[in-house]
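Reading through the structure tokens given below for one structure.
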Amino acid sequence: MKIICVGRNYAAHIDELGNIRPEAPVIFMKPDTAIAQSSLPFFIPEFSNDVHHEVEVLVKINRIGKHIQAKFAHKYYDQIGLGIDFTARDVQQELKAKGLPWEKAKAFDGSAIIGKWFDKSSLGDLGSLSFSLHNNSEVVQQANTSLMLWSVDELIEHISRFFTLKIGDIIFTGTPSGVGPVTKNDRLEGYLNQEKAFSLIVK
Ligand code: MG
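What follows is the structure in structure tokens.
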């Protein structure tokens, strides 16, 4: 399986990092070794001093597809989740400045937190899901999928022009504003439509 991540899909997050609003979705990938074991804490990697949380809505692909039109994209998933795209921001800024790929900053072991899956039929309108990330019980990121620049179905259309989607692939749909550093002993909890999707400790 593969993890396809979307960058710069929320205007307020683009602004907070001083990035330019893209003309098409920004896409990168994480390997399956990036998936964190849910029983373990998240360990801050030794090569970074500035690891940021990025809470994101996730989509799990349930059919193989290529060149999927947005109007048919809803047939390719029936589970929605919430996770974290952990990012070594210091490493990423260095790579970006040199025009290099982001994988060292984004795709390292344990960088993909995948929470509980929810039936999409139980969530209501996917275009207006609320979600949030709490760090030590304080809300640090809070948003709604209505603020996405590209909807889930538009993302699937775009992604599947380049990459065949296969059963079990997961799409990270981009983070809203409020990203920030994590420190040892932080407890991060994610909520999708008020339901708890994950809880983890940083070590
Ligand atoms: Mg992200």
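Residue numbering for the sequence shown is 325 to 527, as defined by the numbering used here.
Every residue, glycine too, gets a C-beta built ideally from N, C-alpha and C.
For V526, the three-state secondary structure derived from DSSP is strand. Relative to the ligand MG, the beta carbon of E380 is positioned inside 7 angstroms of a heavy atom.
8 angstroms or more divides the Cβ of P365 from the Cβ of L473. Here the alpha carbon of K490 sits roughly 23 angstroms from the alpha carbon of N333. Residues of the same chain with a CB within less than 6 angstroms of the CB of A521, apart from the 5 flanking positions on each side, are L406, G439, K440, G514 in chain order. No heavy atom of the ligand MG is found nearer than 7 angstroms to the CB of T507. Distance from the CA atom of I327 to the CA atom of I351, rounded to whole angstroms, is 10 angstroms. Taking the CA atoms as reference points, T507 sits about 42 angstroms from F396. The criterion of a C-beta distance shorter than 8 angstroms is satisfied by V476 and L450. Not one heavy atom of the ligand MG lies closer than 7 angstroms to the C-beta of D414. Not one heavy atom of the ligand MG lies closer than 7 angstroms to the C-beta of T469.
In this structure, T488 has its beta carbon at no less than 7 angstroms from each heavy atom of the ligand MG.
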